[in-house]
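Undergrad:
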Amino acid sequence: MTKNLYQWALAAVLICGISLAAASCSSDDNAVIDPADGPGAAYRAVLQGLDWGPDTTFVYGHKTPDVDAVCSSLGYARLMRALGYNCKAKISSPINRETEFIAQRFGFNVPELKTAVAADTRLILTDHTDYAQCVDGAREARILQKIDHHVEGDIKDSGIPYVRREMIGATCTIIYECYNELGVAIDDETAKILLSGLLSDTRNLTKTTTQHEDSVAWTALVGQLRLEGEVAEINRLMVEAANNYDGMSDSAIFVSDYKDYDIGGKAIGIGSLECKADEADDFLSRMLAVMPAVLQDNGRDMLFAKIDVEVSNPDQSDPDTPYVDNGLYFIYYGEGAQAVAEAIFGASLRPGVTYTKEHLSRKQIVPKIMEILQ
Numbered sequence: 012m013t014k015n016l017y018q019w020a021l022a023a024v025l026i027c028g029i030s031l032a033a034a035s036c037s038s039d040d041n042a043v044i045d046p047a048d049g050p051g052a053a054y055r056a057v058l059q060g061l062d063w064g065p066d067t068t069f070v071y072g073h074k075t076p077d078v079d080a081v082c083s084s085l086g087y088a089r090l091m092r093a094l095g096y097n098c099k100a101k102i103s104s105p106i107n108r109e110t111e112f113i114a115q116r117f118g119f120n121v122p123e124l125k126t127a128v129a130a131d132t133r134l135i136l137t138d139h140t141d142y143a144q145c146v147d148g149a150r151e152a153r154i155l156q157k158i159d160h161h162v163e164g165d166i167k168d169s170g171i172p173y174v175r176r177e178m179i180g181a182t183c184t185i186i187y188e189c190y191n192e193l194g195v196a197i198d199d200e201t202a203k204i205l206l207s208g209l210l211s212d213t214r215n216l217t218k219t220t221t222q223h224e225d226s227v228a229w230t231a232l233v234g235q236l237r238l239e240g241e242v243a244e245i246n247r248l249m250v251e252a253a254n255n256y257d258g259m260s261d262s263a264i265f266v267s268d269y270k271d272y273d274i275g276g277k278a279i280g281i282g283s284l285e286c287k288a289d290e291a292d293d294f295l296s297r298m299l300a301v302m303p304a305v306l307q308d309n310g311r312d313m314l315f316a317k318i319d320v321e322v323s324n325p326d327q328s329d330p331d332t333p334y335v336d337n338g339l340y341f342i343y344y345g346e347g348a349q350a351v352a353e354a355i356f357g358a359s360l361r362p363g364v365t366y367t368k369e370h371l372s373r374k375q376i377v378p379k380i381m382e383i384l385q
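Okay, so the sequence shown: first residue is 12 according to my numbering, each after it adds one.
#1: In terms of residues, what are the limits of the beta strand (DSSP E) holding Q375?
#2: Do V57 and T137 have their beta-carbon atoms positioned less than 8 Å apart in this structure?
#3: Mind checking which residues open and close the beta strand (DSSP E) that includes Q156?
#4: Along the chain, where does the alpha helix (DSSP H) that runs through A231 open and close?
#5: For the beta strand (DSSP E) that F119 lies in, which residues bound it at each end?
#6: What does DSSP give as the partner residues of F69 in its beta bridges?
#7: Cα separation between Y173 and G280?
#8: Since G51 is in the alpha helix (DSSP H), which residue starts that stretch and which ends it?
#9: From the DSSP output, in three-state form, read off C145 for me.
#10: Helix, strand or coil, according to DSSP, for L31 in the structure here?
#11: For L124, count the other beta carbons within 10 Å of its own beta carbon; 16 or more makes it buried, fewer makes it exposed. Which is it?
#12: Does DSSP put G345 in a helix, in a strand, or in coil?
#13: Rounded to the nearest angstrom, what separates S35 and R55 at their Cα positions?
#14: Straight-line CA distance for E177 to V227?
#15: Would you say M381 touches the ligand MN, meaning its beta carbon is less than 7 Å from a heavy atom?
#16: Could you spell out where the alpha helix (DSSP H) holding S207 opens and where it closes?
#17: Here's a check: name, in chain order, each residue in its chain whose Cβ is nearer than 6 Å to the Cβ of A114, leaving out the five neighbours to either side.
#18: Check the DSSP bridge columns for V320 and list the partner residues they point to.
#19: Kindly indicate which three-state DSSP category T367 falls into: helix, strand or coil?
#20: Tell whether a beta-carbon distance below 8 Å holds between I383 and V351.
#21: By the three-class DSSP mapping on this structure, what secondary structure does A354 have?
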């Protein structure tokens with residue numbers, strides 16, 4: 012189902028109240044949405060029907076937040092406030108170096124840290140769909156909306172009043188679409204926030220998960236901010252910040268871009284890292300050495316990490332892209348982890364290490380793990 016058809020189908024169910032909100036159909040003329048009014052009218056009607064309550068609704072990205080998690084929560088909280096809803100973005104754990112860099116570069120404030128929420132707190136989730144990645148207390152909270160670009164996790168779509176999941180490059184692209192559909196203008200600060208998440212999660216439209224929608228949003232946001240001549244350099248500096256491990260312990264490096272999942276009754280942790288090809292042997296050994304402690308500290312059954320290998324860009328005419336990906340190592344630890352890794356990527360090169368020439372993101376690897384374990 013396309014995203015527009017999905018949204019219309021979901022909106023129709025919600026407006027009639029036979030779905031997740033469990034309210035009866037209203038005879039009020041205002042509850043009837045004329046399709047001629049477009050998806051924005053249906054979207055607004057769904058938002059108006061949510062149980063907002065008297066307190067602040069918090070908007071969270073996932074734990075160990077990357078740029079897209081932080082910026083999608085910021086962007087969506089701003090959108091909800093523009094529509095009159097009392098929403099505020101929060102983070103459940105500290106930001107990474109890439110997020111710190113781009114927030115300083117573009118001059119926006121990151122959300123305040125709030126590591127747990129009380130029962131019945133109203134939440135909007137962005138950029139994740141697994142309880143293992145949620146703020147503590149989310150299972151007892153009221154999840155009003157989920158805006159995401161991953162395969163469905165254990166936070167089921169069917170239990171949430173409004174869900175928008177699109178398999179595209181960045182959650183910030185979805186937020187950009189939401190602004191347009193609702194007819195809310197994107198000011199320059201919001202444009203910087205949304206562009207930050209889009210650049211990071213698509214690596215300036217170069218990742219294999221990038222879709223047409225990402226390109227449309229990129230063109231509009233870069234044009235609005237007049238960054239055509241700077242965006243490649245900004246992206247390069249974001250990559251450098253993401254791969255700046257100076258002063259970090261190896262355990263901290265491993266979890267610098269890390270997500271937890273519960274799949275098939277197994278607690279899984281997956282890191283996402285990068286290294287230069289000439290440093291790969293040492294880097295792999297160091298990451299393998301800390302995996303037992305990381306597994307124990309995070310209460311996981313299996314631990315994995317994809318490590319993208321970078322080589323010097325042979326195109327000397329492109330100074331803003333000094334390195335390009337050259338496949339990835341997929342390392343593993345824990346009971347049953349070898350079988351999972353080898354089922355996806357083939358025989359191990361050495362204990363704990365598999366390799367593929369494919370360019371895969373974590374969100375493309377997770378469904379492969381789900382197929383094996385579920």
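No residue lacks a Cβ here, since even glycine has one placed at the ideal position from N, Cα and C.
TA: On the basis of the coordinates in this document:
#1: Run containing Q375: none in the beta strand (DSSP E); it sits in the alpha helix (DSSP H), R373 to L384.
#2: no
#3: In this chain, the beta strand (DSSP E) harbouring Q156 covers R153 to D159.
#4: H223 to L236
#5: Unbroken run through F119: none, as it is neither H nor E.
#6: K99 and L134.
#7: 28 Å
#8: P50 to Q59
#9: coil
#10: Any reading at L31 is ruled out, since the residue's pLDDT is 32, under 50, leaving its predicted position unreliable.
#11: It counts as exposed.
#12: coil
#13: Residue placement at S35 is poorly supported in this model, since its pLDDT is 26, which falls under 50; the coordinates are not used for a value here.
#14: If I take the Cα positions, the gap works out to 15 Å.
#15: Summarising the ligand content, the structure contains no ligands, and the ligand MN is consequently not present.
#16: For S207, the enclosing alpha helix (DSSP H) begins and ends at D199 to T213.
#17: V121
#18: The partner list for V320 (beta bridge, DSSP) reads C286.
#19: strand
#20: yes
#21: helix
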